[in-house]
Amino acid sequence: MANHKSSLKRIRSNAAKRLRNRYQAKTTRNAIKKLRSSTTKADASALLGKVISMLDRLAKKNVIHKNKASNNKSKLTKFVNGLK
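When we follow this note's numbering, the leftmost residue of the sequence shown carries the number 7, and every step to the right adds one.
So, in structure tokens, the structure goes:
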């Protein structure tokens, strides 16, 4: 265990950041699943903007890699455009 005051604080703040990052990543994954399960184009396009925003936010904060966010956005957009 760390002895310095600053390292103890860093451990606490890292734990809080990790929890927040995990929560946001899980919420985004659930939103992607919900988008993929939608059957109408109207519902899917309404969700697409929110999901893309979530992915961009995660990539900006380095929770996920920027290329992973880009690949997800591309695949989801193709999925929504293929719906009727």
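Beta carbons are placed, not taken as given, at the ideal position from N, Cα and C, and that holds for glycine. Just so you know, these numbers come straight off a predicted model, no measurement behind them.
So, is Ala21 buried or exposed, given that buried needs 16 or more other C-beta atoms within 10 angstroms?
Ala21 is exposed by the Cβ-count criterion.
What does the alpha-carbon distance come out to for the pair Lys66 and Thr83?
20 Å
Would you decide whether Thr34 is buried or exposed? Buried here means 16 or more other CB atoms lie within 10 Å of its CB.
With 16 or more other Cβ atoms within 10 Å, it is buried.
So, helix, strand or coil for Leu89, using DSSP?
coil
Grab the span of the alpha helix (DSSP H) containing Val57 for me, first residue to last.
Residues Lys47 to Lys66.
Measure the alpha-carbon distance for Leu61 versus Ser43 and round it to whole angstroms.
18 Å
Which whole-angstrom value describes the C-beta separation of Ile70 and Ala31, a residue pair presumed to lie in contact below a C-beta threshold of 8 Å?
7 Å
Asn20 by DSSP, collapsed to three states: which one?
Here Asn20 sits in helix by DSSP.
In the structure shown, what three-state DSSP assignment does Ile70 receive?
coil
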